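Notes follow once the structure below has been shown.
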Amino acid sequence: MTSYGQQQSESGHVAPQAVVAIPSLKMQAEKITQKELQVQQAVASSRGQLAQFKQELAVLQNDYKNLLTKEIATCSNEQARAELQAELTYVEQQLAPAATSTPAVRRVVNPSF
Numbered sequence: 000m001t002s003y004g005q006q007q008s009e010s011g012h013v014a015p016q017a018v019v020a021i022p023s024l025k026m027q028a029e030k031i032t033q034k035e036l037q038v039q040q041a042v043a044s045s046r047g048q049l050a051q052f053k054q055e056l057a058v059l060q061n062d063y064k065n066l067l068t069k070e071i072a073t074c075s076n077e078q079a080r081a082e083l084q085a086e087l088t089y090v091e092q093q094l095a096p097a098a099t100s101t102p103a104v105r106r107v108v109n110p111s112f
């Protein structure tokens, strides 16, 4: 090693430290890129699983709503029917926003300020 961050090669050529470090930096960049791709794949997989779980949840919620509706129709006890109706109303309110929600749109009015 010579002064000022230079390294002497076997042939006697003196190269700046940055030139010597380039292969190492390239390897590190490739490792980071590979890790980034793995993370992106994991995120995509998680999003797919989330979408599947949401679909399954919607089916279960709809089944529960249908079950409540049937129970209300066949229930002879007024108090029990009122409780079932309250539960059905609650379930319908919970399902309504999910069915009508739209993705939020982000707007930039004036980015220069």
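Going by numbering that gives the first Met the number 0, the letters in the sequence shown line up with residues 0 to 112, in that order.
Note that beta-carbon positions come from the ideal geometry of N, C-alpha and C, so glycine has one too.
Computed from a prediction, not measured in an experiment: that's the story for all the values here.
Per-residue burial, residue i [other beta carbons within 10 Å of its own, 16 or more giving buried]
{"i": "Leu49", "result": "exposed"}
Cα-Cα separation, residue i to residue j
{"i": "Tyr89", "j": "Arg46", "result": "28 Å"}
{"i": "Ala20", "j": "Leu36", "result": "24 Å"}
{"i": "Glu84", "j": "Gln51", "result": "Residue identity check: residue 84 is Gln in the sequence provided, not Glu. Those two C-alpha atoms are separated by around 29 Å."}
{"i": "Gln92", "j": "Val38", "result": "37 Å"}
{"i": "Phe112", "j": "Ala43", "result": "Confidence at Phe112 is low in this model, with a pLDDT of 38, below 50, so the placement of that residue should be treated as unreliable; the coordinate-derived value is given next. Each residue's alpha carbon lies about 35 Å from the other."}
{"i": "Ala79", "j": "Gln40", "result": "50 Å"}
{"i": "Gln60", "j": "Lys69", "result": "14 Å"}
Proximity winner among the options, relative to residue i (alpha-carbon distances)
{"i": "Leu87", "options": "Thr73, Leu94, Leu67 and Ala79", "result": "Leu67"}
{"i": "Ala95", "options": "Lys64, Gln27, Glu82 and Ser23", "result": "Lys64"}
Proximity test, Cβ basis, 9 Å: residue i and chain D
{"i": "Leu24", "result": "Checking the listed chains, one finds no chain D in this structure; it contains a single protein chain."}
| Using 8 Å as the Cβ pair cut-off and three pairs as the minimum, do the segment 52-71 and the segment 23-43 touch? | Not touching, per the Cβ criterion.
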